[in-house]
Amino acid sequence: MQNWIGIGIWIIMGAAIGLIMKVVISRPEETPGHTPVLLALGSFGAVIGGMLGVGLFHLYEPLALSLGGMGAAFAFAVLCTFLYRWGVRSMI
Numbered sequence: 362m363q364n365w366i367g368i369g370i371w372i373i374m375g376a377a378i379g380l381i382m383k384v385v386i387s388r389p390e391e392t393p394g395h396t397p398v399l400l401a402l403g404s405f406g407a408v409i410g411g412m413l414g415v416g417l418f419h420l421y422e423p424l425a426l427s428l429g430g431m432g433a434a435f436a437f438a439v440l441c442t443f444l445y446r447w448g449v450r451s452m453i
């Protein structure tokens, strides 16, 4: 049960990071509709990063609510949303 709660926290954290990146890297002339994409990318990045972090740092006792899982989820969500915002920013 603890792992499912940790994965849920990863998803919520990734969505929040997506919203924060929308505020940090803002484009006044951007078209609407990027918010759902940022939420999905942030959540996806957090889940993939969290799984990688748990697999790399906690091999013998894999728990989603571990420091390695949370740190990697945060880092990968920031990376995915930043790359999306940076790429869209250069395309506009």
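Just so we're aligned: the sequence shown equals residues 362 to 453 in our numbering.
Cβ coordinates follow ideal geometry from the N, Cα and C atoms, glycine included.
Next item on the list: Return the CA-CA distance between R446 and S404, expressed in angstroms with no decimal places.
Entry: Residue 446 sits at position 85 when you count from the first residue of the sequence shown. Residue 404 sits at position 43 when you count from the first residue of the sequence shown. R446 and S404: Cα-Cα distance of roughly 15 Å.
Margin query: Does the contact criterion of 3 or more C-beta pairs under 8 Å hold for the stretch 418 to 437 versus the stretch 394 to 402?
Written below: no
Note to self: For L424, which residues in the same chain have their Cβ closer than 8 Å to its Cβ, ignoring the five residues on either side in sequence?
What the structure shows: As a working mapping, residue 424 is identified with position 63 in the sequence shown. Cβ within range, chain order: Q363, N364, G367, V415, G430.
Margin query: Between the alpha carbons of I373 and F443, how many angstroms are there, rounded?
Written below: Looking up residue 373 in the sequence shown gives position 12. Looking up residue 443 in the sequence shown gives position 82. Distance between the alpha carbons of I373 and F443 is about 17 Å.
Check: Is S404 helix, strand or coil by DSSP?
Finding: Mapped onto the sequence shown, residue 404 falls at position 43. Note: S404 maps to helix in three-state DSSP.
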